[in-house]
Amino acid sequence: MTLAVTITEQGLAECVNKKTKGIHAEIKWISVGDRDYTPSATQTSLRNEKQRVEISEYRDTGEASLQCTAKFSGDSEFAIREIGIWLSSGTLLGVISEKDRTLNYKATNAHVIIPFTMDLSALPTDSVKVNVGVENLNILIDEDFAALSASVVNNQAQSLKQELRMLESEKQRDKFAGQVNQTLENQTTHLRSLDSQIERFQGRINTEFTALSTSLVSVQTNDIQQQLDLLAANKEYNQFTGQMREQLESHSTKLESIIADLDRSREQLSNDFTSLAEGHVSTQLSVIKQELRLNALESRIK
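Letter by letter, the sequence shown follows residues 1 to 302 of full-length UniProt numbering.
Structure below.
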């Protein structure tokens, strides 16, 4: 149902202030009360607030309007005749109410889901956003559903008004009370059916989420195992290269020792050869000297 929202002065001022700072004002809560009246822009609260909840779901329909749903539960019972729209700062942004009009009804130990369209054309463009609570009802499926809900609620409200005007005697009031109770029971049954559908839908979502989580964990486990295998291979490679480096260093040390031994052997051989050559030369000189002496003796004898 599309409801006229009376924007409060404080709510408008906060939205304008937020927009000038480049940020959005956040719509967070919806509250309901049981007083009917013509709202005022100077209001800072509902006249008799009965319950306040977070917004369950919303959809931006464009043209400065938002479709929202809110779910009210608990053991309290009251007629819903005023609705308050609250910013996350606690400021009352807007009020929905109309003199002599019942918007909905909250029965004892029952849920009442209020889908409605808020007209925010009085606010600066793109100055607000919606902060959705943890419970998503998945009700805003399409415009036909919203229109149907608005039509049903309007018809029920009109029927209640007509029957209230017809209550002139105790008998009529008793009869009307029975019809109201039956209507409320029917609504309760319908809401329980909706709750059951919502639970099944959420169950499917949870199942799919669990499967997705399991798949992601498996993929991450495989990635970790691959990284561990790479680390192990890298560790073995480092050990192998370390062993090869040690062997090369050992071989290098041995080679240096062999080269040193060869240098010493070459030097010893050189010294031995020099000594041998000198001895041989000395022997040759002695032989030549002796031959010279013999030649001299022979010359004297002749």
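From the three backbone atoms N, C-alpha and C, an ideal C-beta is built for every residue, glycine too.
- Arg293 and Gly279 have their alpha carbons spaced roughly 21 angstroms apart.
- Judged by DSSP secondary structure, Glu98 falls outside any alpha helix (DSSP H); it is assigned neither H nor E.
- Counting along the chain, Asn17 sits inside the alpha helix (DSSP H) bounded by residues 9-20.
- Put simply, the segment 48-56 does not touch the segment 10-19. Fewer than three CB pairs are less than 8 angstroms apart.
- Here DSSP, grouped into helix, strand and coil, assigns Glu77 to coil.
- Taking C-beta atoms as the reference points, Asn104 and Ile96 fail to come closer than 9 angstroms.
- When beta bridges are read from the DSSP output, Ile27 appears opposite Leu87, Val130.
- Between the segment 110-127 and the segment 183-196, the count of C-beta pairs closer than 8 angstroms reaches three or more; the two stretches touch.
- 9 angstroms or more divides the Cβ of Glu77 from the Cβ of Ala41.
- Shown here for Asp36: same chain residues with a beta carbon closer than 8 angstroms to its own, the five before and five after excluded, namely Arg81, Glu82, Ser97, Glu98, Lys99, Asp100, Arg101, Thr102 in chain order.
- In the displayed model, Val180 falls within a helix according to three-state DSSP.
- The DSSP-derived three-state label of Ser282 is helix.
- The three-state reading of DSSP puts Gln51 in strand, counting E and B together.
- In this model, Leu297 and Ser270 are separated by some 41 angstroms (Cα to Cα).
- Looking at the DSSP output, Asn104 bridges to Ile80.
- Going by beta carbons, Gln67 and Thr6 fall outside the 9 angstroms limit.
- Under the three-state reduction of DSSP, Thr210 is assigned to helix.
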